[in-house]
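When we follow our numbering, the leftmost residue of the sequence shown carries the number 305, and every step to the right adds one.
See below for the structure under consideration.
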Amino acid sequence: MIEEAAAYKLLIDMNNWKQDELAAKVGKSRSHVANIMRLLSLAPPVRKLIENGALTMGQARPLLQLKSPEVQEKVAQRIVATDLSARQAETLVKHLLKGKKRTVTKGVDTYIEDLQDRLKMRLGTNVAIRVQKGNTGKIEISFSSEAEFERLLALLTEENEKNRPDETMKFTV
């Protein structure tokens with residue numbers, strides 16, 4: 305896909321074409337040409353993941369919303385490491401962007417928001433940290449299906465499972 309995008313860019317530059325003209329020449333829709341070419345604006349390590357087949361176009365497209373190349377790379381690595389679907393990748397990016405829109409007034413809030421973002425990236429789902437008086441609080445982890453719950457449970461208990469006798473934990477959601 306990245307090679308295709310680079311070829312499209314080269315043809316457009318060499319021939320001074322617009323995307324719709326190129327699309328007509330190569331027999332593709334203008335939106336296909338535009339979407340493929342947008343991948344060129346991703347961070348180089350993310351483009352490499354696409355070239356290697358580790359990341360699909362569907363998984364990569366949401367990363368275009370993230371402006372920082374470093375954040376794009378971290379989120380892309382998280383998507384690959386946790387084998388997120390394209391839809392789960394969209395949800396992860398949406399939650400990360402949603403969390404960034406809040407205005408921060410206190411240093412503690414910044415720290416908590418950073419922790420929330422790290423947990424969101426690690427778990428691939430929305431996480432809320434609520435700090436209360438007396439250094440207590442709650443961590444809320446969202447899931448939208450039993451399969452996602454099982455995935456989160458596996459992530460949260462993977463280290464402890466190795467030391468546990470052969471017992472099965474099954475929760476009904």
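Glycine included, every Cβ here is placed at the ideal spot set by N, Cα and C.
Item	Value
Under the three-state DSSP convention, the category residue 358 falls into	coil
Sub-9 Å separation of residue 397 and residue 353 beta-carbons	no
Continuous alpha helix (DSSP H) stretch holding residue 334: start and end	334-342
First through last residue of the alpha helix (DSSP H) which encompasses residue 328	323-330
Where the alpha helix (DSSP H) through residue 382 begins and ends	373-385
Close-in-space but distant-in-sequence residues of the same chain around residue 321 (CB under 8 Å, 5 per side omitted)	315 and 329
Residue environment, residue 409, which counts as buried when at least 16 other CB atoms sit within 10 Å	Annotation note: pLDDT 41 at residue 409 (below 50); position unreliable, coordinate value reported separately. Exposed, since its Cβ has fewer than 16 Cβ neighbours within 10 Å.
Helix, strand or coil at residue 477 according to DSSP, with G and I counted as helix	Only weak support is given to the placement of residue 477: the predicted model assigns it a pLDDT of 48, under 50, and the value that follows is read from those uncertain coordinates. Residue state, collapsed to three classes: coil.
Three-pair Cβ contact test at 8 Å for the segment 371-378 versus the segment 324-339	no
Which of helix, strand or coil DSSP assigns to residue 409	For residue 409, the pLDDT reaches just 41, beneath the cut-off of 50, and the residue's location in the model is therefore unreliable, although a value from the coordinates is still provided. Three-state DSSP puts residue 409 in coil, outside helix and strand.
Straight-line Cα distance separating residue 424 from residue 400	7 Å
Per-residue burial, residue 414 [other beta carbons within 10 Å of its own, 16 or more giving buried]	exposed
Reduced DSSP secondary structure (H/G/I, E/B, other) of residue 429	coil
Under 9 Å between C-beta atoms of residue 305 and residue 377	no
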